[in-house]
Amino acid sequence: MITKEMTIGEVLRMNPASAEVLMSCGMHCLGCPSSQMESLEEACMVHGLDADGLIEKLNNI
């Protein structure tokens, strides 16, 4: 199960198909250093996204 505390890198390792969902939401820097350090919740704040909605999408793929 994907949580807000996970990094983008962890999410991608858990389910590579999540890249498509993240990219469609405007998170195009999946390979940047920040994706390995900041939480999914922090990334959502930076990109102006609803973290809960994104987590739901990611857990449903």
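According to UniProt numbering, the sequence shown is numbered sequentially starting from 1.
The C-beta atom is built at its ideal place from N, Cα and C for all residues, glycine as well.
Residue nearest to residue i in terms of C-alpha spacing, selected from the options
i, options, result
"C32", "A43, N59, S18", "A43"
"residue 110", "N59, C25, M23, V46", "Coverage of the chain is limited to positions 1 through 61, which leaves residue 110 absent and any answer about it impossible."
"G48", "G26, K57, I55", "G26"
Burial state of residue i (16 or more Cβ within 10 Å)
i, result
"I61", "exposed"
"M37", "exposed"
Residue j beta carbon less than 8 Å from that of residue i
i, j, result
"M1", "L40", "no"
Nearest-angstrom Cβ-Cβ length linking residue i and residue j, presumed shorter than 8 Å
i, j, result
"L30", "A17", "That pair is no contact at about 12 Å."
>> Please give me, in chain order, every unbroken run of the alpha helix (DSSP H) with length at least 4 that falls completely inside the UniProt domain "DUF1858" (2-55).
In response: 8-14, 18-24, 34-37, 40-47
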